[in-house]
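Enquirer: For the sequence shown, numbering that gives the first Met the number 0 assigns the number 0 to the initial residue and increments by one for each residue that follows. Each residue gets a CB set at the ideal place from its N, CA and C atoms; glycine is no exception. As the structure is a computational prediction, the values presented were derived from the model and not from experiment.
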Amino acid sequence: MLQAQQRSRAGYLTIFILFTLFQKTVAQLLILSPGNLVECQEALIPYNGGTAPYFLSVIASGQYDSPPLISFPASLTTTAGIYEWICNITGGTSVMFELKDVTGAVAYTTPVTVQASADSSFLSHVPPRPRKNLLAPQVPL
């Protein structure tokens, strides 16, 4: 009888550990690089996981400890979405996006180089002009 109870406890413990690991995997903070980043054009930045609210910044590629090039003024409050923004960074600049959640978790995109454009009308917009946070379904990544 004692061995059966120990096996049962071990089974519950295994299930609990697997469930906990699954929750942490599903809730992992994730942000993806925009497919194409062009000065003065719309950029879509998808994110998922973590705990709202979120704080989005643009940093120089590989400069994790430097002050951000742009800190977006509004925090994101949905657990998954696509942030829409008009890029006001000069072409040729290599950047990464940094996303922080309320727990302190941080996620980064891969580096992306801003492409030049004939339109420079948004380069003078400081602070940046976010368009909106588009709600999106949970994206399996």
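(1) Grab the span of the beta strand (DSSP E) containing L98 for me, first residue to last.
(2) Can you tell me which residues form a DSSP beta bridge with F54?
(3) Should E41 be labelled buried (16 or more other beta-carbon atoms within 10 Å of its own) or exposed?
(4) Short check: CB of E38 to CB of V113, under 8 angstroms?
(5) Over the uninterrupted beta strand (DSSP E) stretch that includes L43, give me the two end residues.
(6) So which of P33, T102, N47 has the shortest CA-CA distance to V111?
(7) Residue range of the beta strand (DSSP E) that E83 falls in?
Expert: The structure says:
(1) First-last of the beta strand (DSSP E) with L98: 93-100.
(2) DSSP lists K99 as partners of F54.
(3) So E41 ends up on the exposed side.
(4) Cβ atoms of E38 and V113: closer than 8 angstroms.
(5) Start and end: 41-47.
(6) Selected option, being the one with the closest Cα: P33.
(7) Judged by DSSP secondary structure, E83 falls within the beta strand (DSSP E) whose first and last residues are 79-85.
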